[in-house]
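What follows is one structure encoded as structure tokens, with my remarks underneath.
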Amino acid sequence: MARLRRFIRDNAVPLALLSPAVLVILLVVLLPLIFSFYTSFSNYRLIRPDSLWDFVAFRNYARVLGDGEFWSALWRTVLFLTFALNLEMLLGLGLALLVNRITWGQRTMRTIMMFPMMFSPILVGFQFKYMFNDTIGVVNNALQSLGLAQEAIPFLVDRWLAFASILFAEIWMSTAIFAILILAGLFAMPRDPVEAAKVDGCNNWQVFRHITLPFLMPFIYIAMTIRSLDVARAYDIVDVMTGGGPAGRTELLWTLIARTAYDDARMGRANAMAYVSILLSIFFTWFFFRKLMAARKHLGAF
Amino acid sequence: MSRKQKDILTWLATFIVMLIICLPGLWVVLSAFRPNGEILTKPAVWIPRDLSLDNFRAIFGMGEDVVGIPVASYFRNSVVISVTSTVIAVLIGMSGGYAFARYRFPGKGAAFLWLMLSRCVPGIALSLPLFILWSWTGLIDTQIGVIVVYTAINVPFTVWLTEGFFRQVPRDLSEAAQIDGCTPWQAFWKVEFPLAKSGIASAAIFAFLTSWNEYALASQITRSTDSKTLPVGLMDFTAQFTIDWAGMSAMAVIIINPALILTFLVQKHLIAGLTFGGVKG
Numbered sequence: 001m002a003r004l005r006r007f008i009r010d011n012a013v014p015l016a017l018l019s020p021a022v023l024v025i026l027l028v029v030l031l032p033l034i035f036s037f038y039t040s041f042s043n044y045r046l047i048r049p050d051s052l053w054d055f056v057a058f059r060n061y062a063r064v065l066g067d068g069e070f071w072s073a074l075w076r077t078v079l080f081l082t083f084a085l086n087l088e089m090l091l092g093l094g095l096a097l098l099v100n101r102i103t104w105g106q107r108t109m110r111t112i113m114m115f116p117m118m119f120s121p122i123l124v125g126f127q128f129k130y131m132f133n134d135t136i137g138v139v140n141n142a143l144q145s146l147g148l149a150q151e152a153i154p155f156l157v158d159r160w161l162a163f164a165s166i167l168f169a170e171i172w173m174s175t176a177i178f179a180i181l182i183l184a185g186l187f188a189m190p191r192d193p194v195e196a197a198k199v200d201g202c203n204n205w206q207v208f209r210h211i212t213l214p215f216l217m218p219f220i221y222i223a224m225t226i227r228s229l230d231v232a233r234a235y236d237i238v239d240v241m242t243g244g245g246p247a248g249r250t251e252l253l254w255t256l257i258a259r260t261a262y263d264d265a266r267m268g269r270a271n272a273m274a275y276v277s278i279l280l281s282i283f284f285t286w287f288f289f290r291k292l293m294a295a296r297k298h299l300g301a302f
Numbered sequence: 001m002s003r004k005q006k007d008i009l010t011w012l013a014t015f016i017v018m019l020i021i022c023l024p025g026l027w028v029v030l031s032a033f034r035p036n037g038e039i040l041t042k043p044a045v046w047i048p049r050d051l052s053l054d055n056f057r058a059i060f061g062m063g064e065d066v067v068g069i070p071v072a073s074y075f076r077n078s079v080v081i082s083v084t085s086t087v088i089a090v091l092i093g094m095s096g097g098y099a100f101a102r103y104r105f106p107g108k109g110a111a112f113l114w115l116m117l118s119r120c121v122p123g124i125a126l127s128l129p130l131f132i133l134w135s136w137t138g139l140i141d142t143q144i145g146v147i148v149v150y151t152a153i154n155v156p157f158t159v160w161l162t163e164g165f166f167r168q169v170p171r172d173l174s175e176a177a178q179i180d181g182c183t184p185w186q187a188f189w190k191v192e193f194p195l196a197k198s199g200i201a202s203a204a205i206f207a208f209l210t211s212w213n214e215y216a217l218a219s220q221i222t223r224s225t226d227s228k229t230l231p232v233g234l235m236d237f238t239a240q241f242t243i244d245w246a247g248m249s250a251m252a253v254i255i256i257n258p259a260l261i262l263t264f265l266v267q268k269h270l271i272a273g274l275t276f277g278g279v280k281g
């Protein structure tokens, strides 16, 4: 107790300054999460309020882990994130290197590049739902007008085409984050090591691999950290594009949670799934945050 | 390859990238000015023949065809909720960011990491307990209920951004002002705040965009015209038997406009904020 009092007295100013931030997160994030942690051990259904006190221990978790639907959604989500983050990183790197080469109109390019970042995910979803529609979509119309396809391609109905369409929407929206941050890294890069390496006879690839890329790594990890903070934004895109359907073919973990909680009204089981999704997000963020810290130290050694 | 060939290749690649980035948005904007009849025609009409503002009149309840979706109320809710939650989140974030930038205290690194981790809880996962708790407390389907939630999800990021900018303001300036007779409070507002202003502006833009674009949480804790925001309202169109593509496009244009304008105004600070906040540890 005395130690706590001394701690508060010694750090009164920073504690006071931080308290509003801590308070609001405590009330709106932490407390609800503690509540939902309890709920995940109960048989809570929205239509029967009493069932909140129906404690079932690990039954929800056991049911969820034994559920084929859950595993296929989780597997699809991990596949989706792996493709999305890697492709965004590669495309962002390519885009940044490209824009860095342009001398005329570079500012305009940078502004246009930020365009998709401003879009609400729900708008991105709507935009591609509209473009990929099988009867009126511009993509199908163009293919048919050009004679490249005889009949409409069911972009949002076929299992893999729908997955690819959603992936395309996600990549369209988020590549800019990587491109912009990597471009900032390219601007900040000192010229001397590159020129020294060229004098020593390194070719372009060697310069890129051993000088440019290591310098860019912290910037890539910041982008990864920022991205992993909101990977769950994909929920909005899927919800508007396919709603997880048809017949659960594009179901991601997040759409499955929403369906279980609000359509089936099984709050207990949905909360058990939600905890899996929270752990997934925390893992991604923590992983890249650690990488960022390590890369920073490495950069400091230059 | 000669230098000239390389230049041509660079330009070609740039052109293709621009096309992929710009065309989807432009197609939606174009559709917002076309009647549904023309959008649905088979074979497709490529050169628009009939451009008008009818779709915008319809979604705002003016003109002949009235869409049964109260876009005007959704717009009002979106503005009130986004502006209020941004102002509160920036004030709280400035206070927290200043503490991280200027003071040393035990557990600082851990506190920062926890703040960031609180941001990565998926919206849909957080919506489950909030839906129940907000129903019990009567906060569900009220503007205040949404404002509180948006403030909380914006605080971690505003703390992060403002911290980076406060750290770039030299400590000596505030000390010098205090020697000249300012109170710490005056020194902050007269010396440190003006110097960090551009960074705080970028934090505000980020917070505003997050609130303005958010869907997963709002779709569960809003129900009626009392609190529904534009992104949630956009989904009203899909609930109808036939999708009104032209109306949806018009609403999409309304949602994207404020975001675009704000971004053009502050894009330079936006990039600087993201980079310095993260790299210079």
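Protein chains in written order, with full-length UniProt numbering: chain C, 1 to 302; chain Y, 1 to 281. The beta-carbon is built from N, C-alpha and C at its ideal position, and this holds for glycine as well. Quick caveat, the model's predicted, so the values are computed rather than measured.
(1) Please identify the residue among C/Leu-146, C/Pro-246, C/Glu-251 and C/Met-89 whose C-alpha is closest to the C-alpha of C/Phe-70.
(2) What separation, rounded to the nearest whole angstrom, lies between the Cα atoms of Y/Phe-60 and Y/Asp-236?
(3) Taking the C-alpha atoms as reference points, what is the distance between C/Ala-274 and C/Phe-163?
(4) Kindly indicate which three-state DSSP category Y/Phe-105 falls into: helix, strand or coil?
(5) Using beta-carbon positions only, say whether Y/Thr-225 and Y/Ser-73 come within less than 8 Å of one another.
(6) What are the boundary residues of the alpha helix (DSSP H) that Y/Trp-11 is part of?
(7) Count the other CB atoms within 10 Å of the CB of C/Ala-301; is the residue buried (16 or more) or exposed (fewer)?
(8) In the DSSP assignment, find the alpha helix (DSSP H) that holds C/Asp-239 and state where it starts and stops.
(9) Where does Y/Ser-52 fall in DSSP's three states?
(10) List in chain order: all unbroken alpha helix (DSSP H) runs of 4+ residues lying wholly within the region 52–103 of chain C.
(11) Straight-line CA distance for C/Ala-84 to Y/Pro-35?
(12) Going by DSSP, name the residue or residues bridged to C/Arg-266.
(13) Report the residue ranges of all beta strand (DSSP E) runs contained in full by the region 176–224 of chain Y; include only those spanning at least 3 residues, in chain order.
(14) Thinking C-alpha only, which one of Y/Leu-195, Y/Thr-229 and Y/Thr-151 is nearest C/Pro-20?
(15) Which residue's Cα is closest to the Cα of C/Leu-87: C/Glu-170, C/Cys-202 and C/Arg-233?
(16) Quick one: measure Cβ to Cβ for C/Val-240 and Y/Trp-27, integer angstroms, because I've assumed they're closer than 8 Å.
(17) At which residues does the alpha helix (DSSP H) containing C/Ala-196 begin and terminate?
(18) Considering only the alpha carbon of each residue, which of Y/Lys-6, Y/Thr-210 and Y/Trp-245 lies closest to C/Lys-129?
(19) Counting C-beta neighbours from all protein chains within 10 Å, is the total for Y/Asn-213 16 or more, i.e. buried, or is it exposed?
(20) If you reduce the DSSP assignment to three classes, tell me which class C/Gln-127 lands in.
(21) Between Y/Pro-48 and chain C, is any beta-carbon pair separated by less than 8 Å?
(22) Using a Cβ cut-off of 7 Å, which residues of the region 141–165 of chain C contact any Cβ in chain Y, in chain order?
(23) Decide if Y/Ser-82 is buried, meaning its Cβ has at least 16 other Cβ atoms within 10 Å, or exposed.
(24) So what's C/Thr-111 in DSSP terms, helix, strand or just coil?
(25) Check whether the region 111–130 of chain C touches the region 257–266 of chain Y, counting contact only when three or more Cβ pairs, one atom from each stretch, lie closer than 8 Å.
In brief:
(1) With distances taken between Cα atoms, C/Phe-70 lies closest to C/Glu-251.
(2) 14 Å
(3) 22 Å
(4) For Y/Phe-105, the secondary structure class from DSSP, reduced to helix, strand or coil, is coil.
(5) yes
(6) 3–32
(7) Low confidence applies to C/Ala-301: its pLDDT is 45, below 50, so where it sits in the model is not reliable enough to give any reading.
(8) The continuous alpha helix (DSSP H) containing C/Asp-239 extends over residues 234–241.
(9) DSSP places Y/Ser-52 in coil when its eight states are reduced to three.
(10) 59–65 and 68–101
(11) 35 Å
(12) C/Arg-45
(13) none
(14) Y/Thr-151
(15) C/Glu-170
(16) So it is not a contact: roughly 16 Å between Cβ atoms.
(17) That run of the alpha helix (DSSP H) goes 192–199.
(18) Y/Trp-245
(19) Burial call: buried.
(20) helix
(21) no
(22) Asn-141 and Ser-145
(23) buried
(24) In the structure shown, C/Thr-111 adopts helical secondary structure according to DSSP, grouped into three states.
(25) A contact exists between the region 111–130 of chain C and the region 257–266 of chain Y.
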